[in-house]
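Numbering (our numbering), first residue to last: 6 to 250.
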């Protein structure tokens, strides 16, 4: 692959993918926290509206939603979405619905004694949420949020169907220009992997920081070699006479 193709198509495609991921993740985060907290509201009507949003956007395809926003909405309202905006809305609303369930589950996992302590201290519902529930629930949200973020990154590839010049679209153009599939698609896989790896490391650092903020140490599992050694010991102990080895 020539330097010109790399500079004119692939590098801009990487930047577009990063932008799509960032903007979609920002929208998804806002929707996840807003709807997730609404799912725990005292009002049945608020819980119903939040649940309605969650079921609608969890049960629809982000790809079809993007097409609907781009091709169906303009005739209805007389204005056209920019492809980038249609993609961000579709991805943000879809993944926000999944994130809302993460938020709801994490908030409900906080022990009732913590809620009762807030009531005993005469905290308002918002103060209980901000000072007691969220600080304890957020560390539990980050691992599943990390998974959703990686899925969102990979989901940005659907925007290439609208001609948005992300990594996938750039790879398609390079393949047409060079007729080399193996090289460009291997590079594309590596690009997605590197971005996902950086995002994962950042989310793990954020998890450690939030846990430290409430006096909890990050859980560290055994390393790969330790796991392999433990597995070998288990297999030996399961064999007849293994206990004596």
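Every residue gets a Cβ at the ideal spot worked out from N, C-alpha and C, and that includes glycine. All values derive from a computational prediction rather than experimental measurement.
Between the C-alpha atoms of residue 132 and residue 33 there is a straight-line separation of about 24 Å. Residue state for residue 215 is assigned as helix, using DSSP reduced to three classes. Rounded to the nearest angstrom, the gap between the Cα atoms of residue 14 and residue 70 is 27 Å. Judged by DSSP in its simplified three-state form, residue 119 adopts helix.
DSSP places residue 101 within a helical segment (H, G or I) once states are collapsed to three. In the three-state reduction of the DSSP assignment, residue 161 falls in the helix class, which pools H, G and I. Across the set 156, 57, 40, 103, the C-alpha of 156 shows the shortest separation from the C-alpha of residue 22.
For residue 85, no alpha helix (DSSP H) segment is defined, and its DSSP state is neither H nor E. In terms of Cβ geometry, residue 101 and residue 36 form a close pair [threshold 9 Å]. Buried is the label assigned to residue 75, since at least 16 other Cβ atoms lie within 10 Å of its Cβ. With a cutoff of 9 Å on beta-carbon distance, residue 105 and residue 55 are scored as near each other.
Contact between residue 196 and residue 172 holds: their C-beta atoms lie close to 5 Å from each other, under 8 Å. Residue 116 sits exposed, since fewer than 16 C-beta atoms from the chains shown fall within 10 Å of its C-beta. Burial of residue 164 is indicated by the presence of at least 16 other C-beta atoms within 10 angstroms of its C-beta. Secondary structure of residue 24 (DSSP, three-state): helix. With contacts defined as CB atoms closer than 9 Å, residue 26 and residue 158 qualify as a contacting pair. Shown here for residue 137: same chain residues with a beta carbon closer than 6 Å to its own, the five before and five after excluded, namely 119, 123 in chain order. Measuring C-alpha to C-alpha distances from residue 112 to each of 145, 191, 17 identifies 145 as the nearest. Under the three-state reduction of DSSP output, residue 59 falls in the helix class. In the structure shown, residue 40 adopts helical secondary structure according to DSSP, grouped into three states. Residue 179: member of the alpha helix (DSSP H) spanning 172–183, first to last residue. The Cβ atoms of residue 16 and residue 88 lie no closer than 9 Å to each other.
Considering only 177, 182, 210, 184, the residue with the shortest C-alpha distance to residue 194 is 177.
Spatial neighbours of residue 62 in its own chain (CB-CB distance under 8 Å, excluding positions within 5 residues in sequence) are listed in chain order as 70, 98, 99, 101, 102.
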